[in-house]
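Read through the structure below, which is laid out as structure tokens, and then see the notes.
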Amino acid sequence: MVPLNWYLILSAAVFSIGVFGFLTRRNIIIMFMSLELMLNAVNISLVAFSHYLQDLRGHVLVFFIITVAAAEASIGLAIIIALFKNKNTVHVDEMNEMKG
Amino acid sequence: MQYYLLIPFLPFAAFIINILFGRKIIKDNAHWVSTLAVAGSWIVSVMTLMDVLSGLSVNQNLYTWMLSGNFKVSVGFLIDQLTAVMLIVVTTCSTLIHIYSIGYMHGDKGYYRFFSYLSLFTFCMLMLVMANNFLQLYFGWEGVGLCSYFLIGYYFDKKSASDAGKKAFIVNRFGDFGFGIGIFMIFITFGTTYYDEVFSQAAGHALTRVNFLGFDVHLMTLIALLLFCGSIGKSAQMPLHVWLPDAMEGPTPVSALIHAATMVTAGVFLVARCNPIFSLSETALIVVAMTGAITSLFAATIGLVQNDLKRIIAYSTVSQLGYMFLACGVGAYTAGVFHLYTHAFFKALLFLCAGSVMHAMGGELNIQKMGSLKKFMPITYWTMLLASLSIAGVPGLAGFFSKDEILWLAYSGASPVGKIVWAMGTLVAFLTAFYSFRLIFLTFHGRFRGTHEQEHHLHESPKTMTVPLMILCVGAVASGWVGIPHLVGGGAHFTEFMKPVLGHAEGHGTHAEEWMVMAISVAVGFSGIGLAYFMYVLRPELPGIVTQRFLAVHKVLFNKYYIDELYSFLIIRPTIWVAKNVLIGVTDARVIEAIVNGVPSAIGGFSRQLRKMQTGLLHNYATITAMGIFIIAAVMLLRNW
Amino acid sequence: MEQTMVNQAGFPILSCLIFLPLLGVAALLLVRRTNESLIRMVALITSIAGFLLSLPLFTSFDKTTYAMQFVEKQAWIPAWNINYHLGLDGISIMFVLLTTLVTILCVLISWNSVKMKTKEFYISILVVESAIIGVFCSLDFFLFYIFWEAMLIPMYLLIGVWGGPNRVYAAVKFFLYTLVGSVLMLVGIIVLYLYSGRNFNIVELASKVYPYDMQIWLFWAFFAAFAVKVPMFPVHTWLPDAHTEAPTAGSVILAAVLIKMGAYGFLRFSLPILPDASRAMTPVMMTLSVIAIIYGGIICLAQTDLKRLIAYSSVSHMGFVTLGIFALNTQGMEGGILQMLNHGIVTGGLFLGVGAIYDRTHTRQISDYGGVASVMPVYAAIFIVFTFASIGLPATNGFVGEFLILLGGFKASQLAGVLSASGIIIGAGYMLWLYQRVFFMETGQKVAGLKDVDFREMAALIPMVVLIFWIGIYPEAVMGFMHESVRHLLERVNDGSANGTSLTKNVMEIMK
Amino acid sequence: MSMLPQLFFGYFAFAIIVLSLLVITRKNPVHSVMWMLLLFFHIASMYLFLNAEFIAAIQVIVYAGAILVLFLFVVLLLNLKEELESARFVGSWPAAVLISGGIFVGLAASMLSVSLGPKGNFTVDLIQRVTHTKVLGQILYTEYLFPFEIASLVLLIAVVGAIVLAKKRMRSH
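Chains as they are written, first to last, in this note's numbering: chain A, 1 to 100; chain B, 1 to 641; chain C, 1 to 512; chain D, 1 to 173.
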């Protein structure tokens, strides 16, 4: 039997990799993927908890996370397209419209 | 017995009708409405006088005007001897002047407006004299001030006229300031503002002292002097006399009615009405007497050198009003009111004559440019001459009796300043005679000094103007006969009549002294006339020489002692300067606004610094967010350990 | 408290009054924006209906009791003990009536002068009306605060959208000033709520006893909100800007009812809820009032802008109001309440008048005028009534109010009475000076050939003239409503613990 | 006791970490997407070990099937040629290493101290007997009906939003 902690450490590792990707990549699409990575890391830990606690509510949460991730991806990618049409780049360090 | 209500409300109805319908419907018939209404008031006033003579008096409330806690004031009417006399004076003068105005104002574009104002004035003046409480008195007081404002500024497109109206109102407000506080003190002391209740309680406070603004003062002196502030303003006494000469900017009938016969005497009326209060304070009486005497002398000296026809009469009015206060101040209220009553006739007459002269001269007012008008306008000349003789105190005429009574009671009365004010009053009598006849001689005698055009145009005034002159002339001559003193065989009916209201001032002197006082006043009157005759008829070059000799004195007198300039320098300009440079420029702009606008701009400046953190780069935000998460997580962990 | 729950109207009249303007707004939303005449008619009909609906208040008000009348009470947010609680007493009733009347006049006077975004303009006016009525009717603190703040938004728009050249500055200033004040009040409300066991009921709050120190803090918290609104010296500087830049209707609402909310706040909250603190702070409040009277008056003497002058005169006149209220005696307080109403009528009238002539000349500079009386005699006659009512001439309403205030003020403090009486001299000075420069003297270039007021403008101005004389000659018609409420309020204020009294005396001693 | 579960876990954990690293380090986004596809399959497999068949299924269908295809579309739509020549990371990546490393340490430390509470009713036996999909469905449509409806609304809004966003920009060009 695999201990719960192993799953959790795996989840933490994947999450950290996602964070690293999000913080370092210039390409906004890859950043988006890093985001998905982080969500998946959370999902792993949730499913693992659910299994070890014998409680299905973790799965329900995962289900919702996937739903939201789908919605988020569609909107996010639409924004990326719109952004690319306007700025002709996907590099976030070339976008600073929000500069105060 | 409610018909007396018609006295004030007839003119009021006329005012309402004229002001609402005058411009479009009534137009040039406005005088019918007003004149008939005032004449109606006069008839009712005469009936009222008859009732009062038969011993009747009225003190009745119409309705509650103000009610707040224990403060209750009604619109109410008090009719006693004093009121009855004032009613006669007001309605008589008003009626005659209404009639006179029909001719004088003929063809003026604001005809209806003029008559509306006159009616409104009459209403307010009647409310003033008929009031049975201080607040309604104040109502009439301010109301006549309002009408005075309107009528002085009647030719409002002239700057000088509108300035004069404004000045009159504001100067009066200075007096009303004290008057108002006087009413507060009366209410706080007596818990009421009704005359009967106040006067009946006044004696009980004869020795009361109160703390006023930190000073320990005698209550009755305080109240009396505060009320007297109002009188000073309304009756143009020193130091608030400055508005009256300027008020001559108004049409002449207005000067006659408001600024000679009625409104300006309201101050005297107030002092007379409040005699139970004034009598309780010797200090207040001395102040009243001295104010009157000084003003009287002061105005008479200015009158000596003026060249403006109406202003001379205006200064004469100020001087005569001083006389009335002098009388009240020595406790001779009856004499003061008697002089008020006779003065109304001869001074109104003087003004109306001046109006008649102006009418003929095409608006010219400088007496140096007149002369020999006698032959062109005989009625005006003779009536004006009689009025001048009356004011100069020629025996037998109205002015003689009232003036003599004042001087005698000043001389013989109990007042500590009686002798001083008597001496001043006698001097004033001389000056009065002199400048009155200077006016007569320069205007009606000698040769004509105006333009040919004016000379060609000279004519006697129409009937509507001369008839009132003649009626008033009868008053100027005969009105004094109701008060002929016992000394010369008269009944002194006026004094007897007024006794219940005003009391009786006893003269403490022998008949010989009384004869002496009378002789002196007659002598100074005649010598004044004589001097004027000498200087302006016999030796016309003399005035110029005297002027040259006393150039500085002449200049000071001619410029009215520079009082206007002094006020402008001391009060008006500093106030405006403070408003402009301190309040707007510093307090509002540099202090309050600096804080109000400074706080937001300080926040704004801080924000501008803070804004630099916003790079707009997604990575920076993400990094900071991640660091935040890390720190929070770390804190949570460390706490668990 | 149960016997106070009466509503003699038989139907929720106050709710109807509050929501009727909103009904008008809904109707306006349906009108096409190009159809301006219909928009104006809808606004006019709504405002007239509101006025007619408010008349039963006047006729069926019971003058013999201080209790709240026309009461409505519904649980609103029961979890926090918040109620929809409305009612009127003798202090507030007149302001509801004034509001409904003034709205009609505002609609009338804006008839031709508002040419841009007409629909939004009238919507704003009706929303302001609704919110102001709500403020005067609320008996629940939470509800009160909502109306208090709700009024800000349309007013901000009225100034900021339809105002003069510098309108945005004025609007923002007005907004921020008021907001800063009311945020402090919110804190005060919450403190009261928590202290009193989660109670927002104003009537009940006003019958409890609070610790002295807390009262002092709360007093200043409320002061921040109310003094800004009044406006008292030294937080008055928003008023000249707001008045000057606002469109005519905005100025009229501002002058006639909006700034009354501040003084009303003192009467409804500060005095009855915090009686000890109010008594202790009387010297401060009277000092500020006297400063406002004289300061505002003297500043008027140096103004060159018509509306700015009248705005500063408002500072002076509202100084009289606060002086009267904090004299804490019958004459002063009744005079103060009456003067609030008077100031609404007179200054409202003055702004209506200025608006009427501004529509013709498009200048506010006094020096551009002169000789208006020659070309517009009827207008001049109406305006002089306002002028003299402002000066406080007997037979106008201004006299009754000012006299009672000065009498009350003099009773409370001779010095305050004497100093503020000098405000009457200054008042005569600047108003007559204004009148002279605008109406008298030679006809100015911009004035020549102007048309006199037409029927519509007369309809807007005459009601004010009638009220001026009505209240001036028979003030009991209005004051009869307030006697009982004022008596009750004064009993509450002057019947406090010994602590407050002694402090008042101490401060008085120091002042002397 | 067999070592088999640990071995399987070891493989999948190793693969998931390596694949994750590959996803975030590839220069060409198309490669990233491809590696991610593989990653998702591995995750789905891992869910199977944890008795979550339905979740594994939607992981494949939604994530691998829908979302990644969407990503691929976008990548191809934008046709990022210059991407291959430009720098991969932002300048401050060492800081990111520190932060993400710190987060990992923190998370791992906290995870190591996790202690489970009382267990629930959904034993492995039960799930295997009734099937995972049915059990999950029962919970979803009873206890979580309202959030479920909201989730559908979120999706609807996302659909509308995506269309509006993409379309509006198109028109403005």
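For glycine and all other residues, C-beta sits at the position ideal for the given N, C-alpha and C.
Every value quoted in this text rests on a predicted model; they were computed, and no experiment measured them.
Only counting the same chain, and skipping five residues up and downstream in sequence, which positions put a Cβ closer than 6 Å to that of residue i?
i, result
"K173 of chain C", "W238 and D241"
"K369 of chain B", "R449 and G450"
"S34 of chain A", "G18, G21 and F22"
"A256 of chain C", "V102, G344 and G348"
Rank the options by C-alpha distance to the C-alpha of residue i and give the top, closest one.
i, options, result
"T432 of chain B", "B:G480, B:I391 and B:E460", "B:I391"
"I345 of chain C", "C:D305, C:Y358, C:V372 and C:T387", "C:T387"
"Y154 of chain B", "B:I25, B:A37 and B:Y112", "B:Y112"
"Y411 of chain B", "B:V330, B:F437, B:I484 and B:V482", "B:V330"
"I109 of chain C", "C:A412, C:G355, C:S485 and C:M464", "C:G355"
"A289 of chain B", "B:M47, B:D308, B:L225 and B:S255", "B:L225"
"S11 of chain A", "A:A48, A:F20 and A:G58", "A:A48"
"R487 of chain C", "C:A256, C:E204, C:G472 and C:I91", "C:I91"
"D51 of chain B", "B:K27, B:T83 and B:N620", "B:T83"
"L352 of chain C", "C:F223, C:S316, C:V385 and C:Q339", "C:V385"
"N70 of chain B", "B:D80, B:F187, B:T35 and B:H452", "B:F187"
"M116 of chain C", "C:L88, C:W470 and C:G160", "C:G160"
In terms of residue numbering, what span does the beta strand (DSSP E) encompassing residue i cover?
i, result
"E72 of chain C", "Q69 to I77"
"I82 of chain C", "I82 to L88"
"T64 of chain B", "V58 to S68"
"K72 of chain B", "F71 to I79"
Quick check on DSSP: helix, strand or coil for residue i?
i, result
"Q365 of chain C", "strand"
"L503 of chain C", "Residue placement at L503 of chain C is poorly supported in this model, since its pLDDT is 45, which falls under 50; the coordinates still yield a value, given next. The answer is helix: DSSP assigns L503 of chain C an H, G or I state."
"L213 of chain B", "coil"
"S607 of chain B", "helix"
"P12 of chain C", "coil"
"K512 of chain C", "Caution is warranted here: a pLDDT of 47 is assigned to K512 of chain C, below 50, making its placement in the model unreliable, and the coordinate value is therefore given only provisionally. Note: K512 of chain C maps to coil in three-state DSSP."
"D564 of chain B", "helix"
"N7 of chain C", "coil"
"A514 of chain C", "Chain C is shown only over 1 to 512; residue 514 of chain C falls outside these bounds and no answer can be derived."
"N620 of chain B", "helix"
"D305 of chain C", "strand"
"A492 of chain B", "coil"
Kindly list the residues whose CB is nearer than 8 Å to the CB of residue i, restricted to its own chain and excluding five residues on each side of it in sequence; keep chain order.
i, result
"F184 of chain B", "none"
"R491 of chain B", "The sequence as given places Gly at residue 491 of chain B; Arg does not occur at that position. Correct list, in chain order: I484."
"K166 of chain B", "Y149 and G153"
Just curious, the alpha helix (DSSP H) that residue i is in, first and last residue?
i, result
"A48 of chain A", "I28 to L53"
"P416 of chain B", "Careful: P416 of chain B lies outside any alpha helix (DSSP H) and carries neither H nor E."
"G450 of chain B", "Segment: none, G450 of chain B is in no alpha helix (DSSP H) and carries neither H nor E."
"M470 of chain B", "K463 to A478"
"C229 of chain B", "L219 to K234"
"I7 of chain B", "L6 to F21"
"W708 of chain B", "Because residue 708 of chain B is not part of the residues shown, which for chain B are 1 to 641, the question remains open."
"D241 of chain C", "W238 to E245"
Go through its chain and collect everything with a Cβ distance to residue i's Cβ below 7 Å, but skip five positions before and after it.
i, result
"I471 of chain B", "L96"
"P540 of chain B", "G446"
Review point. Three or more C-beta pairs closer than 8 Å, one from the region 547 to 559 of chain B and one from the region 459 to 475 of chain B: is that the case here?
Key: With fewer than three CB-CB distances shorter than 8 Å, the region 547 to 559 of chain B does not count as touching the region 459 to 475 of chain B.
Practice item. Could you say if the region 444 to 452 of chain C and the region 460 to 468 of chain C meet the contact criterion of at least three C-beta pairs nearer than 8 Å? Key: Below 8 Å, too few C-beta pairs join the region 444 to 452 of chain C and the region 460 to 468 of chain C to call them touching: fewer than three.
**Study point:** Cβ contact check for the region 223 to 234 of chain B and the region 158 to 177 of chain B: 3 or more pairs under 8 Å
**Key:** The answer is yes - the region 158 to 177 of chain B touches the region 223 to 234 of chain B, with three or more Cβ pairs under 8 Å.
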